[in-house]
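All remarks here apply to the structure that follows.
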Amino acid sequence: KLIDSKFLKPRCSTLEIGCGSGIEAIYMAQKRFEVTAVDCSAMAIDRAHTRAREKNVWLRIVHDDIFKFSNQNRAKYDFVYDIGFYHFIRRNFLSHYIDLLWRITKPGSFYYTLAGSDEDEFDAEYVKQFFLPTVSEDDIFNELGTLFEVIDIRHGTIYSRAKKEPFNAWSCLFRRP
201 KLIDSKFLKP RCSTLEIGCG SGIEAIYMAQ KRFEVTAVDC SAMAIDRAHT RAREKNVWLR
261 IVHDDIFKFS NQNRAKYDFV YDIGFYHFIR RNFLSHYIDL LWRITKPGSF YYTLAGSDED
321 EFDAEYVKQF FLPTVSEDDI FNELGTLFEV IDIRHGTIYS RAKKEPFNAW SCLFRRP
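In short: position in the sequence shown from 1, add 200, done, that's my numbering.
If you want it as structure tokens, here you go:
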């Protein structure tokens with residue numbers, strides 16, 4: 201729905217942080233977005249390249265640490281997004297992540313994150329086994345609201361092979377003033 205919204209326009213420069221196997225990045229490229237997808241996992245990047253070739257889609261897929269990539273690249277993007285990266289990185293590197301988002305966006309840029317919700321109830325063993333970080337709605341406002349204005353925060357879901365039912369999540373869209 202976000203891709204077809206009034207906020208994002210095809211051909212805008214787009215960065216996916218932590219692209220994994222490239223499913224979302226490839227979808228964005230198919231919708232005519234100029235996509236750069238970055239992940240630090242060589243296996244994930246190989247899968248993303250394979251999927252892009254199979255779909256006959258062009259996008260820039262980069263094997264790198266996002267912090268190193270942003271220091272070398274210096275590009276500013278119209279749209280930046282992550283699916284489950286913010287809720288992992290925030291525990292130990294929130295200030296670095298906020299700085300990264302500042303450097304790779306510009307006034308008018310949009311940022312989207314899908315983050316695990318603290319409203320999900322997991323048993324302790326499950327959390328220990330799969331290391332599932334979560335974030336509260338208040339924390340999202342306090343942490344990301346320092347850089348962005350909130351366009352929309354709502355409940356969403358994250359699907360995983362590790363669990364039959366989807367995880368509760370926060371679907372968050374921001375705009376940099």
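Here a beta-carbon is modelled for each residue, glycine too, at the ideal position from N, C-alpha and C.
Quiz item: Mind pulling the alpha helix (DSSP H) runs of 4 or more residues that sit fully within the segment 225-295?
Solution: Annotation note: the segment 225-295 contains the following uninterrupted alpha helix (DSSP H) runs of length 4 or greater, listed N- to C-terminal: 242-255 and 266-273.
Quiz item: Alpha carbon to alpha carbon, what distance is there between asparagine 271 and threonine 357?
Solution: On the sequence shown, position 157 is the one that residue 357 refers to. On the sequence shown, position 71 is the one that residue 271 refers to. If I take the Cα positions, the gap works out to 32 angstroms.
Quiz prompt | Top-ranked residue by Cα proximity to histidine 263, from Ile283, Asp239 and Ile353 | solution = Here the question's residue 263 lines up with position 63 in the sequence shown. Nearest option by C-alpha distance: Asp239.
Quiz item: Applying the criterion that 16 or more other CB atoms from any shown protein chain within 10 Å of the CB defines a buried residue, is arginine 354 buried or exposed?
Solution: By 1-based counting over the sequence shown, the position of residue 354 is 154. It counts as exposed.
Quiz item: Looking only at DSSP bridge pairs, what is leucine 300 linked to?
Solution: Locating residue 300 in the sequence shown gives position 100, counting from the first residue. Looking at the DSSP output, leucine 300 sits in no beta bridge, so it has no partner there.
Quiz item: With which residues is threonine 305 paired in a DSSP beta bridge?
Solution: By 1-based counting over the sequence shown, the position of residue 305 is 105. DSSP output for threonine 305 lists Tyr277 as bridge partner(s).
Quiz item: So the beta strand (DSSP E) glutamate 216 belongs to, where does it begin and stop?
Solution: On the sequence shown, residue 216 is found 16 positions in, with the first residue counted as 1. For glutamate 216, the uninterrupted beta strand (DSSP E) run begins and ends at 213-217, by DSSP.
Quiz item: Going by Cα to Cα distance, which pick from Thr313, Asn292, Tyr359 and Ser317 is closest to glycine 345?
Solution: Position 145 of the sequence shown, counted from the first residue, corresponds to residue 345. Closest option to glycine 345, judged by alpha-carbon separation, among Thr313, Asn292, Tyr359 and Ser317: Thr313.
Self-check item: Where aspartate 339 sits in the DSSP three-state scheme
Solution: Here the question's residue 339 lines up with position 139 in the sequence shown. Correct three-state label for aspartate 339: helix.
Quiz item: What did DSSP end up calling leucine 344 once you bin it into helix, strand or coil?
Solution: Residue 344 sits at position 144 when you count from the first residue of the sequence shown. DSSP places leucine 344 in the helix class (H, G or I) of the three-state scheme.
Self-check item: Alpha-carbon spacing of serine 295 relative to glutamate 365, whole angstroms
Solution: For this step, residue 295 is matched to residue 95 along the sequence shown. For this step, residue 365 is matched to residue 165 along the sequence shown. Cα to Cα, the separation comes out at about 32 angstroms.
Self-check item: Identity of the residue in Arg247, Tyr311 and Arg211 nearest arginine 232 by Cα
Solution: Numbered from 1 along the sequence shown, position 32 holds the residue referred to as residue 232. When C-alpha distances from arginine 232 are compared across Arg247, Tyr311 and Arg211, the shortest belongs to Arg211.
Self-check item: Supposed close pair alanine 282, glycine 218 - CB separation, criterion 8 angstroms
Solution: By one-based count along the sequence shown, residue 282 stands at place 82. By one-based count along the sequence shown, residue 218 stands at place 18. As written in the sequence, residue 282 is aspartate, which differs from the alanine given in the question. About 5 angstroms separates the two Cβ atoms, so the contact holds.
Quiz item: With C-beta atoms as the reference, is histidine 287 less than 9 angstroms away from valine 257?
Solution: Taking the first residue of the sequence shown as 1, we reach residue 287 at position 87. Taking the first residue of the sequence shown as 1, we reach residue 257 at position 57. Not closer than 9 angstroms, so no.
Practice problem: Could you tell me the distance, in whole angstroms, from the CA atom of aspartate 278 to the CA atom of alanine 242? | Solution: Taking the first residue of the sequence shown as position 1, residue 278 is located at position 78. Taking the first residue of the sequence shown as position 1, residue 242 is located at position 42. Computed Cα separation, rounded: 26 angstroms.
Exercise. Take leucine 347 and list the residues in its own chain whose beta-carbon comes closer than 7 angstroms to its own, dropping the five residues that flank it on each side.
Key: The residue you call residue 347 lines up with position 147 of the sequence shown. Counting only Cβ-Cβ distances below 7 angstroms, and skipping sequence neighbours, we find Ile298, Leu301, Trp302 and Arg376.
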